[in-house]
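Same order as they appear, the protein sequences are chains V and A.
Residue numbers for the first sequence follow my numbering, so the first one is 22 and each next one is one higher.
Residue numbers for the second sequence follow my numbering, so the first one is 22 and each next one is one higher.
Each remark here refers to the structure printed beneath this line.
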Amino acid sequence: GASAAPTPAPAAATPGRTVRDVTSPVEVRPVEPSSPAAQVPMAPARPAAATGQASPAAAAPASAAPAASASPADATARKPGSTEVRALRIRGTRSVELVAEGDAELQRDDILLTADALTYREPTDEALAEGNVRLRQGPDVISGPSASLVVGERTGDFQSPRYEITRTKAGLEPGDPPRQVSGGGHADVLHFEGENQYRLENATWSTCSVDDPDWYIKARDLQLDYDREIGVAKGGTVVFKDVPFFWMPWAEFPLVGQRQSGVLPPTIGSSNKTGLDLTVPYYWNIAPNYDATITPRYMGRRGLQLGGEFRYLGDSYAGEVRAEWLGRDRITGEQRTLGSLQHRQQITSSLYGSLDINGVSDDDYFEDLSSRVSVASRVNLLREGRLVYVGSPWWSASALVQSYQTLNSDPDNPVTTPYRRVPQLLTTASRPDLPAGLTFNWHGEYVQFAHPDEDHPEGNRFTAYPQLSLPMQRAGFYVTPKVGVHYTRYDLDEPVAGLTDARTSITRTVPIFSVDSGVTFERDAQFFGTAFTQTLEPRLYYLNVPYRRQNDIPLFDTSRYDFGFAQIFAENRYTGGDRIGDANQLTAAVTTRLIDPETGSERMRALVGQRYYFEDQRVTAGEALRTSRRTDVLGGFSGRITRYSTVDTLLQYNPEDNETERFNFTFRYQPEFAKALNLGYRYARSLVSPDGTIGLRDVNVSGQWPLGGGWYGVGRLTHSLKDDRLTEAIAGIEYDGGCWVARVAMHRFATDPNDVTKAVFIQLELNDLASIGSSPVNLIKRSVPGYGKINDPAANRVFGIE
Amino acid sequence: CGFRLRGPQPLDFATIHVGVSEFSELGALLRRQIATSGTTTVVEDAAKADVRLQVLANEREREILSLTGAGKVREYQLTQRMRFQLLDKNGSALIPPTAILARREYTFDDALILGKEQEENLLFRDMQSDLVQQLMRRLAVVRRPQ
Chain V
22 GASAAPTPAP
32 AAATPGRTVR
42 DVTSPVEVRP
52 VEPSSPAAQV
62 PMAPARPAAA
72 TGQASPAAAA
82 PASAAPAASA
92 SPADATARKP
102 GSTEVRALRI
112 RGTRSVELVA
122 EGDAELQRDD
132 ILLTADALTY
142 REPTDEALAE
152 GNVRLRQGPD
162 VISGPSASLV
172 VGERTGDFQS
182 PRYEITRTKA
192 GLEPGDPPRQ
202 VSGGGHADVL
212 HFEGENQYRL
222 ENATWSTCSV
232 DDPDWYIKAR
242 DLQLDYDREI
252 GVAKGGTVVF
262 KDVPFFWMPW
272 AEFPLVGQRQ
282 SGVLPPTIGS
292 SNKTGLDLTV
302 PYYWNIAPNY
312 DATITPRYMG
322 RRGLQLGGEF
332 RYLGDSYAGE
342 VRAEWLGRDR
352 ITGEQRTLGS
362 LQHRQQITSS
372 LYGSLDINGV
382 SDDDYFEDLS
392 SRVSVASRVN
402 LLREGRLVYV
412 GSPWWSASAL
422 VQSYQTLNSD
432 PDNPVTTPYR
442 RVPQLLTTAS
452 RPDLPAGLTF
462 NWHGEYVQFA
472 HPDEDHPEGN
482 RFTAYPQLSL
492 PMQRAGFYVT
502 PKVGVHYTRY
512 DLDEPVAGLT
522 DARTSITRTV
532 PIFSVDSGVT
542 FERDAQFFGT
552 AFTQTLEPRL
562 YYLNVPYRRQ
572 NDIPLFDTSR
582 YDFGFAQIFA
592 ENRYTGGDRI
602 GDANQLTAAV
612 TTRLIDPETG
622 SERMRALVGQ
632 RYYFEDQRVT
642 AGEALRTSRR
652 TDVLGGFSGR
662 ITRYSTVDTL
672 LQYNPEDNET
682 ERFNFTFRYQ
692 PEFAKALNLG
702 YRYARSLVSP
712 DGTIGLRDVN
722 VSGQWPLGGG
732 WYGVGRLTHS
742 LKDDRLTEAI
752 AGIEYDGGCW
762 VARVAMHRFA
772 TDPNDVTKAV
782 FIQLELNDLA
792 SIGSSPVNLI
802 KRSVPGYGKI
812 NDPAANRVFG
822 IE
Chain A
22 CGFRLRGPQP
32 LDFATIHVGV
42 SEFSELGALL
52 RRQIATSGTT
62 TVVEDAAKAD
72 VRLQVLANER
82 EREILSLTGA
92 GKVREYQLTQ
102 RMRFQLLDKN
112 GSALIPPTAI
122 LARREYTFDD
132 ALILGKEQEE
142 NLLFRDMQSD
152 LVQQLMRRLA
162 VVRRPQ
C-alpha cells in the first residue's frame, strides 16, 4: 500500500543530533507515526458444501437439486476461474443465459454472490441479482435489494447497498501482529470500478458498526480505493452522534488507519495566552511524495495567523518547510512570524548532509503563541548545516556550521547565547583489531568559535587526541589500560579579560592515562520465591591527568558534567575541550542485578559508586575548588519490586557533611493497561537552576485510572515544596466510545515566576480516521508515565517493558 | 556467599546475521560484543546465518523532567528504547518482538547548550551499551529447538 504523504526519513539515518523538538506550536495532523501499511492477501472463506455445478465450461441446464442435497463437487476441487451457479431451480441455456431461482448462488474463486434470483450471462460474464442480494469476497460483504456485476472485471452496480470492507493492516510497529480494520456504511448506489475500486453515491462510511455508527462520513460522492487504501469524499460531512461536525468539499481519508494522510479536521483549544484557539487546516496532497498543509489559525485574543507546511520525500532526500505569519498581533501590535526548514540528504552512500534552520520574529513568540510546554519552554533555536562522511566502519568525518537564536523572554534572567561554531571540522576513528590486541582511537577537531556579543572573546581551537588502549576481555572480567596524548592549540583574537598574564596563543599538551577494569560474579539466588541469577559487578577506574595551566582559555563549549553513574566514569569531568581536568583519582562502583534465568531479562539492578582523589584539584571551569578527598556517594536502584510495581531511585549522599545532596524517587503501580499510578519526589540541595535559584524539592503524583462505563481519568500535579507553588497541573478525562474517543484536558504550567499558561485541550478521535481538536495525548504521555492510549489496538496494549 | 566468576557465555548458534549496518554505532557495538562470545561469528549474508537478529526499533527521546519557576527546562530525561527479535533460519521467532528500555536524566541549562549536547551524547552512548548488554544476556539464554 502506498502512503499518500511523505514519511520522515528514519531517525537512524540522521547521525549526530538524535532528538528533535517540535517547532510548530500547532499540531494539525494525527501525531502517531505511520507504519507502512501492508496489504495481506485475503483468505477466501468458502462455504464447505456445494451443490449442483454449472460451470460455463460444463453442462449448463443443470440439476435443480435442492441446496441441501449433497454433491461430490468440493469447493477446494474447483478449478480457479470457473464459475458455479447453484439454486433450487435453474433454467436457461449454457453459454447464453442461466436463470437461477430460490437460494441462488454464484461462485467464482473467492467471490460468492447470493440472491433470491440470479441471472448469469456467460458471453458477457454478467450476473444480475434480485432480492436479498449478498456479495461476499473474502471478509468483505455487500448486501442490498439488487445488483448487476461483471464478475471477472469487477464492474457493475449495487443498488442501496450496505457494505463492509475489511483489510489487514500491519501492526503499529514492525514485529507487531497484524490487525483488522473494517470500514463500511450505506449508499444509494455502489459502483464497482475494478478490483479494489468502489465509487458510491450519497454514501456513508465509518469504522464503527455499519448499522448504528456513532460517527460517519456522509458524502455525495465517495470513492474507496483499496489499492492506495485511501478514500476520497466529495461534498462530505463528518457526522458525530447525529450532529454534523464539519463539512469538507473534498477530502482524502485513510481507509485502514494510515496516520500520515487524510482528513485534517479543525482543532479547537483555548489558553489564557491565545484565547480561543481554532485552526482549520487544509491538506493538499500534491503528489505521492509532496504534500502541503495550509493552516489558518484564529486566536481570540491575538488575531488570525496563517501557517503553512510543505513536505517532500525523494529517494535520497526528505524534508519539510514551515512558516507561520501573524500580520498584526492584537496585544503587541506587531507582526509575528516563524520560519523553519529541515532537509536531510544522502549525497552518496557514505556522504550525508542535513540542514536544520529555525527562527522566530521575537523573544516571546513561543511563550505567547504556544500552549504546549515543550514548545513554550524553548530558548535556543537551532540553525545548522551538517555534512557527515562515513569513510568505513572505523572512521568518519564531519563538518558543521552552527548557531542559535536565543530567545530571552525574561529580561531579568537573560540567557547568554551560545558560541557559534563556524565551522567545526571533526574526524574520529576507532580501530579495534590492531596487532597485539591494541585498539587505536582518534579524535581530531578544528573549531572556529564566534560570538555576537562584544565582550565574548573569539578564537579557534585545534585538537588532536590519539589514544591507544589494550582491552583484555574474558567472560568474567576485563581490564583496559589506555594512554593518550591530548594536544590543543588556541588562537584567540583577544586575551581573556581580568587576568594579568592571559595569552592569546595557547598550546596545551596533556598525557592521559587510565585503567578501566571490571569483574562479573554470578550466583543462583532465590528472591520472593523466584529463581534468579544474581550478578555482582565491581568496577574500578583509575585516571591520571597531569595539571596544565588553562585558566586563560575561554569557555567556548565547556561545562561541568553532572554527577551521575555515566559521568563519573568519564575521562574528563568537563564536557567540550576547553578544560582538561587534572586527575589522580580512582572511581569505584558495584552493580548487582537480578536476572531471569529463563529469558535473560533484567528484573532489578542496584548500584553504588564513589570517587577517591589522591591529589587536590587545580583546574576549574568557574566552580569552587573541591576540598574533600572523596566525592559524594552515589547509589541507585531500579527494577520491578512486585509483579505490578516498579521503583526507580537515585541518591547522592555527602558523607563528610552528613547531607543528602540529591534524592530522586519514583514509584509506579501499573496493574494493567490504562491503570497506572505514579508517585515521585525530586530533591537536589544545591542544584543551581538557570534562573539562579538554588535547590529543588518537588513532589509529583500522576496517574490514569478507569472510572467505569468507558470513562478514564488522567492527571498530574507537580508541587514545588521549596517555593510552595504548583508548577504544573494536568487534569483530564477520557471516554472510550468503542470506535471513537473523547478527551478533555486542562494544563497549567509556570512560564515565569509570576505567570502561568493555562490551556484547555479538547479532542475527539474517530478511530482509524482522524482526530478533531488539539490532542493532549503527547502531553499526557510525557506527564503520566505508564499512560495507555485507550484506543490503541489491543495488540499494541503492551504495558511496561519486560 | 555463593558468587563465582562468570564463566564463558556460549551462544547456541554458530553464525548470526545482525540486521544493523556495521557503519552505525549500534551495529559496530553488537558485532564487537558477539565476537567476544568466542562461539559465534557474524555473517553479512542473512540466508547463510543460523539466526537473524532484527532490531525493529531503536528510538531516542528527550522529555522535560522538571521546569524552573520561570517555565524553562531544568532537567531532561532521556529514553532509549530498543525493540528486537531473533529469528531462526525458517523465520520463526526464537525471541519474539521484545522491547528493552534505558533511561537517564541530566540537569539542563540553556546557557550551556553546547556542553549539554555533549553530555547528552555521553548518556546516549551509555544507554546504548547498557541496552546491548541486556540484549546479549537474552541472546545467551536462547536455545534452539533440536
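We treat Cβ as the ideally placed atom computed from N, Cα and C, and that holds for glycine.
- Of the candidates V:K696, V:N605, V:V611, the residue whose Cα lies closest to the Cα of G729 (chain V) is V:K696.
- Per DSSP, E46 (chain A) lies in no beta strand (DSSP E) segment; the continuous alpha helix (DSSP H) that holds it begins and ends at 46-57.
- Here Y674 (chain V) is not near N685 (chain V), since their CB atoms are 9 Å or more apart.
- Contacts between T748 (chain V) and chain A, judged by CB atoms closer than 9 Å, involve S87, L88, T89, G90, G92 in chain order.
- Between the beta-carbon of L700 (chain V) and that of V722 (chain V) there is about 6 Å, and that keeps the pair under the 8 Å contact cut.
- Short of 6 Å from the beta carbon of R650 (chain V), and not among the five residues preceding or following it, lie these beta carbons of its own chain, in chain order: Y634.
- Counting only unbroken stretches of 3 or more residues, the beta strand (DSSP E) elements lying wholly within the stretch 152-180 of chain V are 161-171, 176-180, in sequence order.
- Counted as a single uninterrupted DSSP element, the beta strand (DSSP E) harbouring V381 (chain V) occupies residues 372-381.
- A direct Cα-to-Cα measurement between H472 (chain V) and L671 (chain V) gives close to 38 Å.
- When Cβ-Cβ separations below 9 Å define contact, R241 (chain V) makes no contact with chain A.
- Note that the C-beta distance between Q363 (chain V) and S375 (chain V) is below 9 Å.
- C-alpha of V64 (chain A) to C-alpha of A56 (chain A): approximately 11 Å in a straight line.
- The Cβ of G23 (chain A) sits closer than 9 Å to at least one Cβ of chain V.
- In this structure R323 (chain V) is buried. Its beta-carbon is surrounded by 16 or more other beta-carbon atoms within 10 angstroms.
- Taking 7 Å as the upper bound on Cβ-Cβ separation, chain A lies near residues V400, N401, V411, P414 of the stretch 399-415 of chain V.
- At a beta-carbon threshold of 7 Å, the residues of chain A lying near A591 (chain V) are L143, ordered along the chain.
- At a cut-off of 9 Å, the C-beta of Y508 (chain V) has no neighbouring C-beta in chain A.
- The Cβ atoms of I589 (chain V) and N565 (chain V) do not sit closer than 9 Å to each other.
- Excluding the 5 residues flanking it on each side, R95 (chain A) has same chain C-beta neighbours closer than 7 Å at S87, L88, T89, T128, F129, in chain order.
- Counting only Cβ-Cβ distances below 8 Å, D583 (chain V) has contacts in chain A at Y127, T128, E140, in chain order.
- Runs of the beta strand (DSSP E) spanning 3 or more residues and lying entirely within the stretch 100-164 of chain A occur at 114-128, in chain order.
- Residue range 288-292 is occupied by the beta strand (DSSP E) that includes S292 (chain V).
- Beta-bridge annotation (DSSP): Y702 (chain V) is paired with V:F686, V:V720.
- For F461 (chain V), the uninterrupted beta strand (DSSP E) run begins and ends at 460-471, by DSSP.
- In this structure, F498 (chain V) keeps its C-beta atom at 9 Å or more from the C-beta atom of L32 (chain A).
- Contact note: Y440 (chain V) reaches chain A through L135, using a C-beta cutoff of 9 Å and chain order.
- Between the alpha carbons of D178 (chain V) and L156 (chain V) lies a distance of about 12 Å.
- In the same chain as L747 (chain V), and ignoring 5 residues on each side of it, the C-beta atoms closer than 6 Å to its own belong to H740, in chain order.
- Looking from the CA of G731 (chain V), the closest CA among V:G759, V:G257, V:A752 belongs to V:G759.
- Secondary structure note for E82 (chain A): its beta strand (DSSP E) is the uninterrupted segment 72-88.
- DSSP places P676 (chain V) outside both helix and strand once states are collapsed to three, so it counts as coil.
- Here DSSP, grouped into helix, strand and coil, assigns E250 (chain V) to coil.
- Among the CB atoms of chain A, none fall inside 9 Å of the CB of E479 (chain V).
- Around P199 (chain V), no beta-carbon contact reaches into chain A at under 7 Å, the shortest distance being about 13 Å.
- When Cβ-Cβ separations below 9 Å define contact, L170 (chain V) makes no contact with chain A.
- From the beta-carbon of L139 (chain V), no residue of chain A is found nearer than 8 Å; the closest lies around 44 Å away.
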